[in-house]
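Here the structure comes first, spelled out in structure tokens, and everything after it is commentary.
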Amino acid sequence: MSQTVAETETHVATPSVLARLLRRPLALTGLVIIAVVVLAAVFAPWLAPYDPYEQFFEGLTIEGAPLPPSAQFWFGTDLVGRDLFSRLIYGAQTSLIIGVVANGIAVVIGSAVGISAGYFRGWADTVLMRFTDLMMAFPALLLAIVLAAIFSPSLWIVAMVIAMVNWVQIARVTYTETRSIAERDFVVAERAMGAGAGRILFRHILPHLLSTIIVWATLGIATTVLLEATLSFLGIGVQPPIPSWGNIIFENQTYFTSAPWLVFIPGAAILALALAFNLVGDALRDILDPTQQGRH
Amino acid sequence: MQQKTTSGLLEVNGLTVQVATPAGARTVVDDLSFTLEGGKTLCIAGESGSGKSMTALSLMQLLPKPMARVSAGTAKLDGRDILALPETEMRQVRGRHIGMIFQEPMTSLNPVLTIGKQLGGAISAHGGLSDAAIRARALELLDQVQIPEPARRLKQFPHELSGGMRQRVVIAMALAQNPQILIADEPTTALDVTVQAQILALIRKLQADLGISVIMITHDMGVVAEMADDVLVMQHGRMVEHSPASVIFSKPRHPYTQELLAAVPRLGEMTGTRAPKRMSDDPTASVQTPAPAEPLVAVKDLTVRFDIKGGILQRPVQRVHAVEGVSFDIMPGETLSLVGESGCGKSTTGKALLNLIPWQGDIRVAGRATRGLGASAMRPVLRDVQMIFQDPYASLDPRMRVGDLVAEPLQIHGLASGSELDDRVAYLFRRVGLSADQMRRYPHEFSGGQRQRICIARALSLSPKLIVADESVAALDVSIQAQVLDLLQDIQNETGMSYLFISHDMAVVEQISHRVAVMYMGRFVEMGSRAQIFENPQHDYTKKLMAAVPVADPSRPRRAFMEKAEDLPSPVHGLDYTPPLQAARDIGGGHMVWEAAGR
Amino acid sequence: QDIKQGGSMTVTYKDDVSTLDPAIGYDWQNWSMIKSLFDGLMDYVPGTTELRPEIAESYEISEDGTVFTFKLRDGVKFHNGRALTAEDVKYSIERAVNPKTQSPGAGFFGSIKGFEEASSGDAEGLSGITVVDDGTIKFELSRPDATFLHVLALNFAHVVPKEEVEKYGADFGKHPVGSGAFKLAEWTLGQRLVFERFEDYWNPGVPKLDQIVFEVGQEPVVALLRLQNGEVDVPGDGIPPAKFIEVKNDPKFKDLIIQGGQLHTGYVTMNVKMEPFDKAEVRQAVNMAINKDRILRIINGRAVTANQPLPPSMPGYAKDHEGYAYDPEAAKALLAEAGLADGFETELYVMNTDPQPRIAQAIQQDLKAIGINASIKSLAQANVIAAGGEEDQAPMIWSGGMAWIADFPDPSNFYGPILGCDGAVSGGWNWAWYCNEDLDAMAQEADSMVDPAKAGEREAMWRDIYLKVMEDAPWAPIFNEERFTIRSERIGGDDKLFVDPVHIPVHYDEVYAKDVQ
Amino acid sequence: MLAYITRRLVQTALILLGISFVTFVLLYLVPADPARQIAGRSATAATVENIREQLGLNLPFYEQYLRYLGGLLNGDLGRSYLQKTEVSTLIAARLPASLLLMAGAIFCELALGLTMGVVAALKRGSRTDDTLMIASFVGVSAPQFVIGILLLYVFAVKLGWFPIGGYGTFAHLVLPSITLGFLGAGWYSRMMRSSLIDVLRQDYIRTARATGATRAKVLFGHALPNAILPIIAMIGIDIGLFMSGIVVVESVFGWPGIGQLAWQAIQRVDIPIIMGVTLVSACAIVIGNLLADLITPLIDPRIKLR
Ligand SMILES: Nc1ncnc2c1ncn2[C@@H]1O[C@H](COP(=O)(O)OP(=O)(O)OP(=O)(O)O)[C@@H](O)[C@H]1O
Ligand SMILES: Nc1ncnc2c1ncn2[C@@H]1O[C@H](COP(=O)(O)OP(=O)(O)OP(=O)(O)O)[C@@H](O)[C@H]1O
Ligand SMILES: [Mg+2]
Ligand SMILES: [Mg+2]
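Chains Y, L, P and D, in that order, are what the protein sequence lines are.
When the letters of the first sequence are read in order and numbered with the working numbering, they come out as residues 1 to 296.
When the letters of the second sequence are read in order and numbered with the working numbering, they come out as residues 1001 to 1599.
When the letters of the third sequence are read in order and numbered with the working numbering, they come out as residues 2001 to 2517.
When the letters of the fourth sequence are read in order and numbered with the working numbering, they come out as residues 3001 to 3306.
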């Protein structure tokens, strides 16, 4: 049938998602940036020219000013005389750990809440979604700040805090989607065959949510990286001297006129990483979501 | 009537349309030529995907932009090639010279603008009219398309109108600037038969009154017979036959045309037979007339109401009376058909049998009462009752292989596993006419008819005693529809399966049923054997339904124009609504007619 | 001099001005604002720490130092026009002591008779204050108090008119009415305050300016940039580190920078109740491990190294004390002596505003060199203070940003709450939890030497106390901050006025506008 | 409609109740003692105890909360511990600045975002489209504090076109608005683009074109009213983002709004202010959502308020 031909074309017989990502220039750029950051984070001890914690005596001028980029210190030094380049490389670890762990937890919590509320309805739906509504109405940053103040901040606490703030979006999205999938004929058909909730949830609904979840997970990493940076920027993030891109800016922010490199280089790094995840996430959204087709 | 001229009003020559696909350009309309004469109706017929819509869109230069384009051909209108006109000039042609009606009345009106705004926009598309003049013209147009209370309609939004009304508005918009040509792309496919009949009659009347030429696109040979002066049959983008209507129906030359016509179920063709079509061919069939025995399914006073919630506390404020006190039995090996128009409660009745929705009343399946059974208690019942859903594609999980999908019921009920399971599934595939090596494919890799077979295979896997087939052929092209119907009947012949066959198509129902129940507004109005219903319809509604079915015979006198359109009454009522009493009347031989009590 | 009055000045602050109620205000921003809006019995000679009477014309101290009698000036008026009387003075001090006022300064009046009863709410007023007549007031103390005149110069002892306080109730702090050189003309919350010259001020030559505009919510860096643009006259928070070198090296601005001492010490506290800081050797080792010169460099040399609690400009400062010199090797040896040759893990609390975390990191690196692994806890000020007030929470705190700045220039002011046993309680400010009964007794003794003739002896005693403290080394003093501030070219006045040790940061009443001269 | 609004308001009240509870619990857990902060460094233990009593801080948790709720019902947000002022006065004094900033940001968002989105949708697939979409990605990825500092550095410090922070004139508003609106502009342009592309594919657009309507008429009369719908739904979410954004933007630009108030209060654990600002922000978010839900049916008649 001609109809079949047409549909085979739209539901492409997947030449892996990765391959399709690589075909898009923007997504490719994003992947390259992510790869660079990941490599930097993983191989930091080998890549960094200096110990990121070492406060060099010659890292400050006599007056105590940081040094601008030079052959010795590629990105200059910070306000206590440490090598900015090395700190950026180690800072990538922090950003990625937060991005992956915090966001991973958020994704798990969010999808669990969304799916159960969306499928089971009734009181589970009411309780979970009212709670989600409540969390939606919370100004996220304020919540994060208060949480960070309660549990005195550390890398893992920051990750938890971010997870507790970020799951809401995913819960909403998976909830709506689960509800609509649960109404779709094939789920009704499953019920007509006598299938139980577990089977329907895990074999039929979850696979359909997977692409949504993947997309939101990547987009969420971008948000998470930014949120961590913001918390650090406000001085309640990862504790010094552990470098994170956000707290490098926080420590140096007032120097934006006298030592702009200390603010704008890490700023550019955050931007690049968030941008990369956004680009990849968006491309995934395109690739994995058949309703968004017809772009690019 | 216009003067017949030697050269037609619109002359299309060598029209070729290509669409861009990942695999390169694909020709979807191939070298199409025809002439539309003034005041005549040209029907373009053909199955889904044959390029009918593309043809129409290319004449308006409205092809979906980057993907599709006209790669060759001309279309002369008043000496100008409208395929080659620049956009600004083409805009003068659209609406003024050619008006167009689209397939989907539900989506072809802008949901956020009032009817008045949209109609007004169409009237004044080329400017220069005062508001009063626009309004006057709008009222005139609405009156012309027989919409009651035109002044009120102007203020309404599309979603506040029924499908039929909307399609009338679309027609009014197409006529707004007095075009010479009206292109109607499947204008009635999405509508109920009774409404379809009204719209078709309306188009004919307007054509007669205004003397315009019509290009009518349809896949329904019945509609063709009702409307066409000339017929152009398309297949895979090519024209296979182009003749006057009378010729096409009496002496179809091309095999494809013949096939198309053969597949069309014709209302009344089975007059005089007792058993369904397939069985009558085969007198040795095991079950001819169902022997009076214990009913397989007994439904008493089935009532389904859906609450509409609202107010501060989200309490129910209104109620949809989807099914109201319906009772029927289904015997082993029998096909009971439910017919009726959209929203009358057919699907709801079917779903209630499988406990997919909450209901009241009493349902017994093979003697077991199913009321209030939980999911696990229902499981054994579901071995006896299975359902095939209206849309085969939607009811197959697109991410699973079809083999696994068919195997699922067996796994759920723990009936087979391992190689036995594979064997059973392979058997089921062969049984529905698919090859076992297609098991590893995904649903989207099949055609509509094949998918419906997969659904049937899945329903069969539990060897149920009853299958609820909900509009199982409605979405299919006629030729495929015929195949699926045959398959269902073959299975019944072989296994003595019972069907609850849900359909809105009287012609299909006539072919397959032992007994027929006509539904209207959640109730039965008439029930009886096929012969009783089709040869001796009693209830007005049954008669109206049958009269509305277009008949694929151009020689039949065309139906007269009907009264002003009316909206179907709504099944939504207040909470305190008590449905009026009905009285059943048995007029002999199990032929029941329900009428309002006290008549 | 004949300095013409008139003109206006713009001052910026980062943080909001919370309240201008003299009994309550205790912030960097409002301290000297209150001094300009209100007057007390005593004040200091502008730019110095030398006491002089303000609305008191003269005073007498009894032989035993327990009775102080003040004669008030004539013609002192409140901004609402009413004449100020001795009754007001009494009311104001009693108000500060009254627990309902929740004054943070109530404790300063502890030596006045009847304080216990009044501060617990059992008595209405202070029995030790007597209004002799409209122009005379008498204070009776329960014990001799050498600091009492300083106490009367504190904001908490400034005079408020009862009727206005009662009119505004709890909101008096937003509608201050005093008898000071300026009165409040406008207050847009969170944005700006405008002070206007009080025409009826008792001292006709003061103030010099007609108007002061305070803009709040301005980051110090922004304030300085605006000063460079000529929009701001005095950045209230001083020159931010980020701009210091730049303006210092800018010929246009370098002469406008003013340097002055400050009654401030930055130190690291070590909780003597927590292991291993319960061992004096460990605390001494920490003192020796910190490279204070490098820390000075990090803060662009805007301080001098410290080796004792008192700042150099404080009476009682031990000039020739050598303290613990920077010597990591010796520090290691000390650690080894304490049985911690392998070092240990600990935590260093620090407030999370620049440059404190940076200083903490420098300290951290120094400690690491002798094997102490201190992880940094950089928290909001309130959280650090809360941790310091618990016996078992914060092993080490870098005091920067929350450190003690003396309320008045007397050595006793550096002891009680932060090193004495009184402060070593839950919720106290003695974060080292250092409590030496002998020293407490000595302090008590020193403070009862009221006789001005014995001032030298008293000073020596205090010097001794602080040196003894340093033997136990509950603190590692790091530096004494120098104040560096800048003013616009338009504003004139003796340099001392811009680094006034009491009217911090600027003596608003005395500076003048050059453009009206 | 009325029933709907009433129900939503009841829901809002419940949400605010929930938020007040959660915030109260969280702040209760914050390790800082307000009484000691008020008492100051020279205070005796007795003074601290006395203050604690006056503030009711020694009451059991639930009693403290009920007290707070009681005040809340009378419109009393309590008094700031450190500012010694009614929280409602403080917030009222600062709210106009924040609202102004938000208005500026919304303007930037819409002006920039919608224009970019429409242009990109109309020029789909072109280089313009690509450039605009990359710009929008930068918008959604850029940390606000970096953008803020960068704008300040370039346009205020280096070029001197705008004042360096502060509040008062229109010129003061420009940079903070852009900073705050940048993120939203990115989102909006992308949403507008895909929404418009989607709408332009709809049948009713084809119907409109088939009547011979001009491109402009089709775009403005038919497509945009539909394309704008998903963006209206964003209002609520947007306000949530703003509420987070103003803390950062106001601190960078010294803007005297409630973000700055909140930040100062958090630093000093001034619990009544934190509570107050959280509730006001939550209110704003909920009201934003309510507005979005009320506006949508005005544009989209299919949506009925139930
Ligand atoms: N936008 C498009 N992009 C690519 N191919 C298309 C597009 N629209 C239609 N086609 C293909 O063009 C062919 C002809 O489509 P057309 O819509 O003209 O069929 P039709 O005869 O109108 O069918 P139906 O009865 O289903 O409406 C089909 O094979 C279809 O798959
Ligand atoms: N879950 C539901 N909630 C509310 N109303 C419903 C629900 N399901 C069906 N209805 C309503 O019940 C009525 C009967 O619906 P049903 O699906 O049974 O009609 P149908 O005869 O199958 O129509 P069609 O031919 O369009 O499929 C309709 O008015 C429908 O809108
Ligand atoms: Mg078509
Ligand atoms: Mg149905």
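Quick reminder that beta carbons are idealized off the backbone N, C-alpha and C, glycines included.
Check: Looking only at its chain, what residues have a beta carbon closer than 6 angstroms to the beta carbon of P:GLY2388, apart from the 5 residues adjacent to it on each side?; Outcome: ALA2394, ILE2397 and TRP2431
Check: When you compare each of Y:PRO243, Y:GLY110 and Y:THR223 to Y:GLU177 by their alpha carbons, which one comes out closest?; Outcome: Y:GLY110
Check: Check the Cβ of L:LEU1396 against every Cβ in chain Y and list those closer than 9 angstroms, keeping chain order.; Outcome: ASP185, PHE186 and ALA189
Check: Who are the near neighbours of L:GLU1011 in its chain, counting only those whose CB is closer than 6 angstroms to its CB and skipping five residues on each side?; Outcome: THR1035 and LYS1076
Check: According to DSSP, what are the bridge partners of L:THR1027?; Outcome: L:GLN1018
Check: What whole-angstrom Cβ distance do D:VAL3307 and D:ALA3032 have, given they're in contact under 8 angstroms?; Outcome: It is not possible to answer for residue 3307 of chain D, since the shown part of chain D is limited to 3001 through 3306.
Check: Which partner residues does P:TRP2475 have in the DSSP bridge list?; Outcome: P:THR2269
Check: Would you call P:PRO2240 buried or exposed, if buried means 16 or more other Cβ atoms sit within 10 Å of its Cβ?; Outcome: buried
Check: Start and end of the alpha helix (DSSP H) containing P:TYR2168?; Outcome: 2162-2168
Check: Using a cut-off of 8 angstroms between C-beta atoms, extract the partners of Y:GLU251 located in chain P.; Outcome: ASP2354, PRO2357 and ARG2358
Check: Could you tell me if L:LEU1410 is buried or exposed, where buried requires 16 or more neighbouring beta carbons within 10 angstroms of its beta carbon?; Outcome: buried
Check: Where DSSP assigns a beta bridge to L:PHE1501, which residues make up the other side?; Outcome: L:SER1337 and L:ALA1469
Check: May I ask you to check if the CB of L:SER1447 is nearer than 7 angstroms to at least one heavy atom of ligand 1?; Outcome: no
Check: Residues of the region 1364-1380 of chain L in Cβ contact with chain Y at a cutoff of 9 angstroms, in chain order, please.; Outcome: ALA1375, SER1376, MET1378, ARG1379 and PRO1380
Check: Can you pull the chain L residues whose beta carbon is under 8 angstroms from the beta carbon of Y:ALA272, in chain order?; Outcome: What Y:ALA272 touches in chain L: nothing, since even the nearest Cβ is about 32 angstroms away.
Check: Could you check whether L:VAL1339 and L:VAL1195 sit closer than 8 angstroms to each other, using their CB atoms as the reference points?; Outcome: no
Check: Relative to the C-alpha of D:GLN3264, which residue among D:LEU3090, D:ILE3237 and D:ALA3223 is closest?; Outcome: D:LEU3090
Check: Just the C-alpha distance for Y:ARG179 and L:ALA1394, rounded to the nearest angstrom, thanks.; Outcome: 15 angstroms
Check: Please tell me whether, using a cut-off of 7 angstroms, the distance from the CB of L:GLY1574 to the nearest non-hydrogen atom of ligand 2 is below it.; Outcome: no
Check: Taking 8 angstroms as the cut-off, does the region 2107-2125 of chain P touch the region 2179-2190 of chain P (at least 3 CB pairs, one atom from each stretch)?; Outcome: no
Check: Which whole-angstrom value describes the C-beta separation of P:PHE2172 and P:ALA2185, a residue pair presumed to lie in contact below a C-beta threshold of 8 angstroms?; Outcome: In fact, because the Cβ distance is near 17 angstroms, the residues do not count as touching under 8 angstroms.
Check: Along chain D, in chain order, which residues have C-beta atoms closer than 9 angstroms to that of L:GLY1121?; Outcome: ALA3208, THR3211, ALA3213, LYS3217, GLY3221 and HIS3222
Check: Counting beta carbon pairs with one atom in the region 2022-2035 of chain P and one in the region 2495-2508 of chain P, are three or more of them shorter than 8 angstroms?; Outcome: yes
Check: Residues around ligand 2, please: the ones whose beta-carbon is closer than 5 angstroms to some heavy atom of it, in chain order.; Outcome: L:PHE1306, L:VAL1320, L:ALA1322, L:SER1342, L:GLY1343, L:CYS1344, L:GLY1345, L:LYS1346, L:SER1347, L:THR1348 and L:PRO1571
Check: So, L:ALA1322 versus L:THR1348, is the Cβ gap smaller than 8 angstroms?; Outcome: yes
Check: Buried or exposed: P:ASP2237, going by 16 or more other Cβ atoms within 10 Å of its Cβ?; Outcome: buried
Check: Answer yes or no: the CB of L:ALA954 versus the heavy atoms of ligand 1, is any distance below 7 angstroms?; Outcome: In this structure chain L extends from 1001 to 1599, so residue 954 of chain L is not present and cannot be described.
Check: Could you check where the alpha helix (DSSP H) with D:VAL3247 kicks off and where it finishes?; Outcome: 3229-3253
Check: Hey, quick one: how far does the beta strand (DSSP E) through L:ARG1319 stretch, first residue to last?; Outcome: 1315-1330
Check: Where does P:GLN2356 fall in DSSP's three states?; Outcome: helix
Check: Measuring only the C-alpha atoms, how far is P:GLY2105 from D:LEU3294?; Outcome: 54 angstroms
Check: Taking CB distances under 8 angstroms as the criterion, tell me whether L:GLN1018 reaches chain D.; Outcome: no
Check: Taking 7 angstroms as the cut-off, is the beta-carbon of L:THR1027 closer than that to any non-hydrogen atom of ligand 1?; Outcome: no
Check: Residue range of the alpha helix (DSSP H) that L:PHE1524 falls in?; Outcome: L:PHE1524 -> not in any alpha helix (DSSP H); beta strand (DSSP E) instead, spanning 1523-1529.
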